[in-house]
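Each remark here refers to the structure printed beneath this line.
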RNA sequence: CGGGGCGUAGCGCAGUCUGGUAGCGCGUCUGGUUCGGGACCAGAAGGUCGGAGGUUCAAAUCCUCUCGUCCCGACCA
């Protein structure tokens, strides 16, 4: 491609609203352009990269026995009502009516669509296993899209679904997909972790997320350096050494004393004010579980794992109570809450059972109690494992200290079970003639997010620096002076020969100064650059440089094509595995 | 959905407090000089100041409503 004919609108200025490096750089390098909140045009460079990612996805999924299809994006309300999600999906599901006043939605995911398809074509145990996937634009009306392609409302997703006759068979399909995903992200050149995850709203029994490691990731993951256990923070288990499920009261704790703690709200503030350690203080949180208020007690330096609490309470909807609701139920402001004489059920984490002579809020604004003895000064309805895992906690399998990372979720595999097949009637007949619901798995990859995550992982102060496999072009050819006929002739020839050799070239034939080319060409994320200048050319040389290297290599004009071919091929081979 | 910003030329912004000729930088176009890390000189084009209503002799500026967008939080297969 000749740069002069390409649509690559680079910017010198850093877009002020973009926070994430990938977002900023994609805007600056002319990869994307925003149309409205969370909706972006993929410009030629981004689209070239995305198509390469798609290609890797297709190759690996096809190799794993999946078939590509394309389901309708506009879907009638009926199938969503069948699955129950028309009512439960919420506002992220963009709904509208057609001219006949019939209800439709833009599909944010395709369990309904694919299950409806399966219902009509998978009838017998002989029809399975089946694995169908598609790569398609999805729309989710997110409350707050952010970070460019990182979390858009409209985005490109590969979603796949497996159908099996039994849970065991579905496990096999799941494993195949897990392995295919591992190969896909490896081939994209990404540094990632597969972690255990909560299956969330989509339901199902178990799931793994594929997390690209990046400082800017929104997800926290914990992994064990010894046994390889890895899980999303919200799912991560911790080996608890405390097993007590009742409070053991120490007799020599002094009687509780109410102390004035004006303006001291956070655990750290109160601890500093009372000259104690945060772990001597009890943190009291108030939640609404399906509308009913409950209090949760944690050791001051612990955090709550809401999923664990949801499971313990067996509720569907768990939200933190608003400040005003807290005031109403507890009779005191947030910051002065405690379990003593609480009128709502109290649940305590195991660590609280090890605490003695501690501090908690007095349910009296700006007052705390000292010398609190759990079991004597308050009771709990249950003492259970409620803490959020943190770095240094013991691995649930081997006890080693867990390490924490930040990640970007680029893929998610779920073993769904019969959550959709049952209500939607996707059943089959077994050999005995009995009817059973198909057992499903579903598998997603955020294709556009993969590009964003890759740029998060591969960038520096000069711009994007993508691995050759997914870079929009493999080589940039940069003649230093377009008015010099010798230089241009050499560049033309190298361009023609590289193109003929199947190397993807961006020929920077713009009549601009060298400095402009260098700045732009570094920004774009193309791994190699051939610089053609008058002085070197007189000696029969051109310069070859990898984007990440500081120095040039001088190569004879006659050798450059073979030289580039060898380097590019080596890069492509290296990730094939 | 709560909190906070911001909407003025293609992009980035000043001007708004204190009402009175709509500005700057980048980019674009013309001509010239330059030419290996975002050149310089001269000239030019480009605006319903997000929208609607109001106050006023006069509104980018004040008031009311509204739309959009970004950030933080909550939310998120």
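Residue numbers (this note's numbering): 17 to 593. Cβ atoms here follow ideal geometry from the backbone N, Cα and C, with glycine treated the same way.
Check your understanding: Okay, do the region 89-104 and the region 418-433 touch, 3+ Cβ pairs below 8 Å being the bar?
Key -> The region 89-104 makes no contact with the region 418-433: fewer than 3 CB pairs, one atom from each, lie closer than 8 Å.
**Study point:** alpha helix (DSSP H) runs contained entirely in the region 419-448, provided each spans 4 or more residues
**Key:** Runs found: 437-440.
Review point. With distances taken from CA atoms, which of 161, 580, 44 is nearest residue 171?
Key: Nearest C-alpha to residue 171: 161.
**Study point:** C-alpha gap between residue 145 and residue 73, whole angstroms
**Key:** C-alpha separation (whole angstroms): 20 Å.
Exercise for review: Quick one: residues in its chain with C-beta nearer than 8 Å to the C-beta of residue 37, no 5 flanking neighbours on either side, listed in chain order?
Suggested key: Here the set comprises 232, 471, 472, 475.
Practice item. Specify whether the region 263-280 and the region 319-327 touch according to this definition: at least 3 beta carbon pairs, one from each stretch, less than 8 Å apart. Key: Touching, no, given that fewer than three Cβ pairs across the two stretches are closer than 8 Å.
Exercise for review: Determine the extent of the beta strand (DSSP E) in which residue 338 is found, giving its start and end residues.
Suggested key: Careful: residue 338 lies outside any beta strand (DSSP E) and carries neither H nor E.
Check your understanding: Tell me which same chain residues have a C-beta within less than 8 Å of the C-beta of residue 128, skipping the five on either side of it?
Key -> So the qualifying residues of the chain are 91, 95, 96, 98, 99, 101, 436, 440.
Review point. Is residue 275 helix, strand or coil when you go by DSSP?
Key: Residue 275 falls in the strand class under three-state DSSP.
Exercise for review: Using 10 angstroms around the beta-carbon of residue 446, count the other beta-carbons present and answer buried if the total reaches 16, otherwise exposed.
Suggested key: Residue environment analysis places residue 446 among the exposed positions, since fewer than 16 neighbouring C-beta atoms fall within 10 angstroms of its C-beta.
Exercise for review: Please confirm if the region 542-557 is in contact with the region 500-515, defined as three or more CB-CB distances below 8 Å between the two stretches.
Suggested key: Contact check between the region 542-557 and the region 500-515: three or more CB pairs, one atom from each, fall below 8 Å, which counts as touching.
Review point. By a C-beta neighbour count over all protein chains shown, 10 Å radius and 16 as the cutoff for buried, is residue 389 buried or exposed?
Key: The residue is buried, with at least 16 neighbouring Cβ atoms inside 10 Å.
Point to revise | residue 333 burial status per 10 Å Cβ neighbour count (16 or more: buried) | key: Exposed, by the Cβ-count rule.
Check your understanding: To the nearest whole angstrom, what separates the beta carbons of residue 373 and residue 278, a pair I think is in contact under 8 Å?
Key -> Wrong, their Cβ atoms sit about 23 Å apart, outside the cutoff.
Check your understanding: Excluding the five sequence neighbours on either side, which residues of its own chain have a C-beta within less than 7 Å of the C-beta of residue 241, listed in chain order?
Key -> Excluding residues within five positions, the ones whose Cβ falls inside 7 Å are 416, 419.
Review point. Between which two residues does the beta strand (DSSP E) carrying residue 261 extend?
Key: Neither: residue 261 is in no beta strand (DSSP E) and is coded neither H nor E.
Point to revise | Distance CB(residue 288)-CB(residue 297) smaller than 8 Å | key: Their beta carbons are not under 8 Å apart, which means residue 288 does not touch residue 297 by this criterion.
Review point. Considering only the beta carbon of each residue, do residue 568 and residue 560 sit closer than 8 Å?
Key: Annotated as proximal: residue 568 and residue 560, with beta-carbon spacing under 8 Å.
Practice item. Would you mind sorting residue 369 into buried or exposed? The rule is 16 or more other CB atoms within 10 Å of its CB. Key: Under a 10 Å Cβ-count criterion, residue 369 is classified as buried, with 16 or more other Cβ atoms of the shown protein chains found around its own Cβ.
Review point. Touching or not, the region 481-489 and the region 201-210, by the rule of three or more beta carbon pairs under 8 Å?
Key: The way I'd put it, the region 481-489 does touch the region 201-210; three or more beta-carbon pairs between them come closer than 8 Å.
Practice item. Determine contact between the region 55-73 and the region 131-146, defined as no fewer than three beta-carbon pairs at a distance below 8 Å. Key: With a cut-off of 8 Å, the region 131-146 and the region 55-73 do not count as touching, because too few Cβ pairs lie within range.
Check your understanding: At which residues does the alpha helix (DSSP H) containing residue 326 begin and terminate?
Key -> In this chain, the alpha helix (DSSP H) harbouring residue 326 covers 322-329.
Check your understanding: In angstroms, rounded to a whole number, what distance separates the CA positions of residue 68 and residue 366?
Key -> Using only the alpha carbons, I get a separation of about 50 Å.
Review point. Apart from the five residues just before and just after residue 595, which ones in its own chain have a Cβ nearer than 6 Å to its Cβ?
Key: With the chain covering only 17 through 593, there is no way to say anything about residue 595.
Review point. Where does residue 451 land, buried or exposed, given buried means 16+ other C-beta within 10 angstroms?
Key: Exposed, by the Cβ-count rule.
Check your understanding: Which residues bound the beta strand (DSSP E) around residue 597?
Key -> Past the edges of the chain, shown from 17 to 593, lies residue 597, and the structure says nothing about it.
Point to revise | Beta-bridge partners of residue 494, as assigned by DSSP | key: Looking at the DSSP assignment, residue 494 forms a beta bridge with 547.
Point to revise | residue 236 - partner residues in DSSP beta bridges | key: DSSP, once it has assigned bridges, lists 422 as partnering residue 236.
Review point. Taking just the CA atoms, how far does residue 576 sit from residue 510?
Key: Within the model, the alpha-carbon separation for residue 510 versus residue 576 is close to 8 Å.
Practice item. Assign residue 147 to buried or exposed, taking buried as 16 or more other Cβ atoms, counted over all protein chains shown, within 10 Å of its Cβ. Key: Buried, since its Cβ has 16 or more Cβ neighbours within 10 Å.
Point to revise | Buried versus exposed, by CB contacts within 10 Å (16 or more), residue 355 | key: So residue 355 counts as buried.
Point to revise | When 182, 187, 402, 392 are compared against residue 259, the one with the closest alpha-carbon | key: The option with the nearest alpha carbon to residue 259 is 402.
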